[in-house]
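Trainee: Got a structure here, written out as structure tokens. Questions coming.
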Amino acid sequence: MVQVEVEDAAVASGTDLWQRIKSRLAARIPPQAFHNWVADTRMDAHENGNLRVLVPDQVTKDFLEQEYGDVIARAIQELNLPIRRVIYSSRMNGAPAPSYNAERAPNAALEDGSAEMSRSLPEPIFASAVGQLNPRFRFDNFVVGSCNQFAHAAARAVASQPGRSYNPLFIYGGVGMGKTHLMHAIGRELLDSFRGMRVVYTSGERFMNDMVGCLRSNRIAYFHRHYRSADILLLDDVHILAGKERTQEEFFHTFNELYEHQKQIVISSDTTPKNIPGLVERLRSRFEWGLMVDVQAPDLETKMAILDKKAELEGFSLPEDVRIYIATKTKSNVRELEGALVKLIAYSSVTRSAMTLNMAQQVLKYLIPGAERRVTMESVIRAVAEEFKLQPAQLKQKSNARTIAYPRQIAMYLIKELTPASLPEIGRNFAGKHHTTVLHAIRKIDQLRQKDADLNRLVQKVTDSIH
Ligand code: ADP
Ligand code: MG
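Position in the sequence shown (from 1) plus 1 gives the number in this note's numbering.
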């Protein structure tokens with residue numbers, strides 16, 4: 002059971018309005034939530050209908066305002082208290098938990114000598130999960146396909162039974178594949194279904210910056226309290242910590258503390274623990290204790306489903322041909338897919354014209370150059386060499402053997418077609434051939450293509466295989 006331990010002078014004199022609200026909250030919200038967010042708060046002042054309440058940190062302030070605003074307002078109403086507004090402030094000076102003492106007078110720490118001095122510095126600002134979680138990154142708008150179904154299922158399991166089955170959950174995969182989306186979805190779901198849970202969302206980078214900042218200002222105790230008091234810690238993009246040994250060390254202790262208390266840990270990374278360079282062994286092995294799941298690039302069908310979902314969210318419906326066009330023209334990166342859609346929607350709204358395939362082709366041709374293949378001389382040479390079972394270097398040799406010369410002509414032709422390279426530049430790349438030789442090669446292939454269907458198919462095939 003929760004003990005409401007604050008019993009100070011104000012209560013005795015019957016003026017601690019906050020205490021009365023607290024007591025009511027203790028009956029209304031789960032004990033764990035009370036412990037996390039309410040127990041360590043205290044009344045500061047009451048004037049002109051404003052109740053000032055001291056809270057231990059910014060995160061608690063945000064949480065009380067955003068998540069418990071309603072419950073508190075109701076309590077005030079029921080108790081019929083003369084309060085119009087509750088104002089929280091985190092300038093409470095106390096030693097961080099566990100030695101944090103709610104009974105200490107606000108400024109007592111200042112008089113306690115130098116050891117207490119460092120603790121009495123103002124609380125560093127840690128971002129609260131409530132404000133950080135993107136409301137659009139929820140489970141119900143995450144499109145599940147074969148590329149991500151396992152990761153999705155694991156994330157759901159963690160969100161319904163944190164700390165039970167998969168701890169830690171390690172999600173890895175390339176950029177724009179939905180890792181952050183899943184992490185936010187877990188956080189949001191937990192906040193919704195376990196009100197009062199202390200969800201801490203951070204990224205490798207933020208964790209590091211918070212640590213460095215706190216070390217510098219002599220407030221590392223706050224850092225420890227913030228991260229180690231989490232009921233669930235979501236650490237996005239852990240690969241950023243590659244080679245950062247001090248930060249890894251800190252994270253190692255955070256991890257252990259949480260793990261020992263069966264608190265859920267979810268980590269994302271652009272690659273497996275094994276492949277993160279400069280990740281210390283003891284962290285690597287811990288990451289592998291739980292469940293590792295990957296998110297892969299979406300296939301065409303999933304891409305189209307994602308487009309539909311996103312368009313629907315924006316209140317648009319995509320014509321079939323536009324949908325196919327975007328899905329096939331963008332690389333398999335959901336962020337790029339979204340970018341294309343957003344631009345198209347913007348264009349369509351601004352010009353007040355219906356979305357058509359023609360419009361999509363026009364708009365996206367300029368706006369997503371990344372979606373067009375960026376063909377280079379080297380990528381053409383590689384593709385041609387592969388088709389003819391040669392080494393790229395062989396194509397670039399001086400040799401005039403037909404087995405080399407013919408593919409080389411095709412390569413020159415394709416480079417001219419697909420890249421901005423000039424004739425002399427092409428020549429230089431092939432053992433210094435004169436530009437007239439290059440021109441000759443190009444003309445020849447061009448003419449052959451007119452009548453040789455096999456060559457035509459081959460050119461098409463090689464073009465498609467360039468990457
Ligand atoms: P990552 O963290 O893996 O780089 P994000 O989670 O930031 O990728 O995803 C990039 C964008 O793509 C986000 O806007 C996200 O909502 C969207 N996205 C990724 N995967 C999906 C999916 N399966 N369903 C819906 N949207 C997705
Ligand atoms: Mg991400």
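In this text, a Cβ means the ideal position worked out from N, Cα and C, and glycines have one as well.
What whole-angstrom Cβ distance do Ala386 and Gln395 have, given they're in contact under 8 angstroms?
Mentor: Here residue 386 refers to the residue found at position 385 when the sequence shown is read from its first residue. Here residue 395 refers to the residue found at position 394 when the sequence shown is read from its first residue. Ala386 to Gln395, Cβ: 7 angstroms. Contact.
Trainee: Quick check on the burial criterion: 16 or more other C-beta atoms within 10 angstroms. Buried or exposed for Ala46?
Mentor: As a working note, residue 46 is residue 45 in the sequence shown. Looking at its Cβ environment, which holds fewer than 16 other Cβ atoms inside 10 Å, Ala46 is exposed.
Trainee: Does the ligand MG have even one heavy atom less than 8 angstroms from the beta-carbon of Ser91?
Mentor: Position 90 of the sequence shown, counted from the start, is the residue given in the question as residue 91. No.
Trainee: Please report the Cβ distance between Leu191 and Ala158, rounded to the nearest whole angstrom; I am assuming they are in contact, meaning their Cβ atoms lie under 8 angstroms.
Mentor: Residue numbering aside, residue 191 sits at position 190 when the sequence shown is read from its first letter. Residue numbering aside, residue 158 sits at position 157 when the sequence shown is read from its first letter. Their Cβ separation, rounded to whole angstroms, is 12 angstroms, which puts Leu191 and Ala158 out of contact at 8 angstroms.
Trainee: For Pro97, collect the residues of the same chain with a Cβ closer than 6 angstroms to its Cβ; drop the 5 residues on either side in sequence, then sort them by chain order.
Mentor: Position 96 of the sequence shown, counted from the start, is the residue given in the question as residue 97. A caution first: Pro97 carries a pLDDT of 43, below 50, which makes its placement in the model unreliable, though a value can still be read off. Closer than 6 angstroms at the Cβ level, and outside the excluded window around Pro97, lie Ala222, Tyr223, Arg226.
Trainee: The ligand MG heavy atoms versus the CB of Ser349: any closer than 8 angstroms?
Mentor: Here residue 349 is taken as the residue at index 348 of the sequence shown, counted from 1. Checking the Cβ of Ser349 against the ligand MG gives no.
Trainee: Report the option in Val131, Ile187, Thr61 whose CA atom is closest to the CA atom of Phe143.
Mentor: Numbered from its first residue, the sequence shown carries residue 143 at position 142. Selected option, being the one with the closest Cα: Ile187.
Trainee: Is it true that the segment 351-358 meets the segment 431-444, where meeting means three or more beta-carbon pairs spaced less than 8 angstroms apart?
Mentor: Because the criterion of three Cβ pairs below 8 angstroms is not met, the segment 351-358 and the segment 431-444 do not touch.
Trainee: Could you pull the DSSP bridge partners for Phe171 from this structure?
Mentor: Residue 171 sits at position 170 when you count from the first residue of the sequence shown. Its beta-bridge partners are Ile268, Met293.
Trainee: Where do the N-terminal and C-terminal ends of the alpha helix (DSSP H) with Lys349 fall, by residue?
Mentor: The residue you call residue 349 lines up with position 348 of the sequence shown. The amino acid occupying residue 349 in the given sequence is Ser; Lys does not appear at that position. 335-351 is the extent of the alpha helix (DSSP H) around Ser349.
Trainee: Given Ile427, which residues of its chain have a CB within under 6 angstroms of its CB, disregarding the five upstream and five downstream residues?
Mentor: Here residue 427 corresponds to residue number 426 of the sequence shown, with the count starting at 1. Met413, Ile416, Val439, listed in sequence order.
Trainee: Leaving aside the five residues before and after Ile325 along the sequence, list all residues of the same chain whose C-beta is less than 8 angstroms from its C-beta, in chain order.
Mentor: Within the sequence shown, residue 325 is the residue found at index 324, counting from 1. Contacts found: Met305.
Trainee: At what residue ranges does the segment 187-212 contain a whole run of the beta strand (DSSP E), taking only runs of 3 or more?
Mentor: Runs of the beta strand (DSSP E) inside the segment 187-212: 200-204.
Trainee: CA-CA distance, Pro57 and Leu308?
Mentor: Taking the first residue of the sequence shown as 1, we reach residue 57 at position 56. Taking the first residue of the sequence shown as 1, we reach residue 308 at position 307. Pro57 and Leu308: Cα-Cα distance of roughly 44 angstroms.
Trainee: Per DSSP, Arg53 is paired with what?
Mentor: Along the sequence shown, read from residue 1 onward, the residue named residue 53 stands at position 52. According to DSSP, Arg53 bridges with Ala46, Ile88.
Trainee: How long is the line joining the alpha carbons of Val460 and Thr329, rounded to whole angstroms?
Mentor: Your numbering for residue 460 matches position 459 in the sequence shown. Your numbering for residue 329 matches position 328 in the sequence shown. Going from the Cα of Val460 to the Cα of Thr329 covers about 21 angstroms.
Trainee: Can you list the alpha helix (DSSP H) stretches of 4 or more residues lying completely in the segment 379-439, in chain order?
Mentor: Correct list: 393-397, 403-419, 424-430.
Trainee: Give the secondary structure of Ile233 by DSSP, where H, G and I count as helix, E and B as strand, and everything else as coil.
Mentor: Taking the sequence shown and counting its residues from 1, one reaches residue 233 at position 232. In the structure shown, Ile233 sits in a strand (DSSP, three-state: E or B).
Trainee: Measure the C-alpha to C-alpha separation of Ala103 and Lys62 and round it to an integer number of angstroms.
Mentor: If you number the sequence shown from 1, residue 103 lands on position 102. If you number the sequence shown from 1, residue 62 lands on position 61. Because the pLDDT at Ala103 is just 30, under 50, the model does not fix this residue reliably, and the point stays unresolved.
Trainee: Which residue's Cα is closest to the Cα of Gln362: Ile84, Thr377, Leu345, Tyr173?
Mentor: Numbered from 1 along the sequence shown, position 361 holds the residue referred to as residue 362. Checked all of Ile84, Thr377, Leu345, Tyr173; the closest Cα to Gln362 is Leu345.
Trainee: Reducing DSSP to helix, strand and coil, say where Val60 ends up.
Mentor: Looking up residue 60 in the sequence shown gives position 59. In the structure shown, Val60 sits in a helix (DSSP, three-state: H, G or I).
Trainee: Around the ligand COA, what residues have a beta-carbon under 5 angstroms from a heavy atom of it, in chain order?
Mentor: No copy of the ligand COA appears in this structure; the ligands present are the ligand ADP and the ligand MG.
Trainee: Any heavy atom of the ligand MG closer than 8 angstroms to the CB of Asn238?
Mentor: Start at 1 with the first residue of the sequence shown, and residue 238 comes out as number 237. The question names Asn, but residue 238 is Asp in the sequence shown. At least one heavy atom of the ligand MG is nearer than 8 angstroms to the Cβ of Asp238, so yes.
Trainee: Please identify the residue among Leu365, Thr273, Gly214, Lys310 whose C-alpha is closest to the C-alpha of Leu292.
Mentor: For this step, residue 292 is matched to residue 291 along the sequence shown. Comparing Cα positions, the closest option is Thr273.
Trainee: In chain order, which alpha helix (DSSP H) runs of at least 4 residues are fully inside the segment 122-174?
Mentor: Listed in chain order, the complete alpha helix (DSSP H) runs (minimum 4 residues) inside the segment 122-174 are 130-133, 150-161.
Trainee: How about Ser194: is its Cβ closer than 8 angstroms to a heavy atom in the ligand MG?
Mentor: Counting from 1 along the sequence shown, the entry for residue 194 is found at position 193. False, no ligand heavy atom lies under 8 angstroms from that Cβ.
Trainee: What did DSSP end up calling Tyr69 once you bin it into helix, strand or coil?
Mentor: Sequence index remark: in the sequence shown, residue 69 carries index 68 (1-based). Three-state result, Tyr69: coil.
Trainee: Excluding the 5 residues preceding and the 5 following Pro278 in the sequence, name in chain order all residues of the same chain whose CB lies nearer than 6 angstroms to its CB.
Mentor: Against the sequence shown, residue 278 aligns to sequence position 277. Around Pro278: Ala243.
Trainee: Grab the span of the alpha helix (DSSP H) containing Lys245 for me, first residue to last.
Mentor: The residue you call residue 245 lines up with position 244 of the sequence shown. Here Lys245 belongs to no alpha helix (DSSP H), and DSSP marks it neither H nor E.
Trainee: Please find out if some non-hydrogen atom of the ligand MG comes closer than 8 angstroms to the beta-carbon of Ser269.
Mentor: The residue you call residue 269 lines up with position 268 of the sequence shown. At least one heavy atom of the ligand MG is nearer than 8 angstroms to the Cβ of Ser269, so yes.
Trainee: May I ask you to report which of helix, strand or coil DSSP gives Asp17?
Mentor: Translated into positions along the sequence shown, residue 17 becomes position 16. Asp17: coil per DSSP, three-state reduction.
Trainee: Give me the Cα-Cα distance between Phe64 and Ile233, rounded to the nearest whole angstrom.
Mentor: Sequence index remark: in the sequence shown, residue 64 carries index 63 (1-based). Sequence index remark: in the sequence shown, residue 233 carries index 232 (1-based). Using only the alpha carbons, I get a separation of about 15 angstroms.
Trainee: Taking a contact to mean a Cβ-Cβ separation below 9 angstroms, would you say Arg383 touches Ile266 in this structure?
Mentor: Position 382 of the sequence shown, counted from the first residue, corresponds to residue 383. Position 265 of the sequence shown, counted from the first residue, corresponds to residue 266. It is not a contact, given that the beta carbons lie outside the stated cut-off.
Trainee: Anyone know if the C-beta pair for Ala34 and Met198 falls short of 9 angstroms?
Mentor: Locating residue 34 in the sequence shown gives position 33, counting from the first residue. Locating residue 198 in the sequence shown gives position 197, counting from the first residue. It is a contact, given that the beta carbons lie within the stated cut-off.
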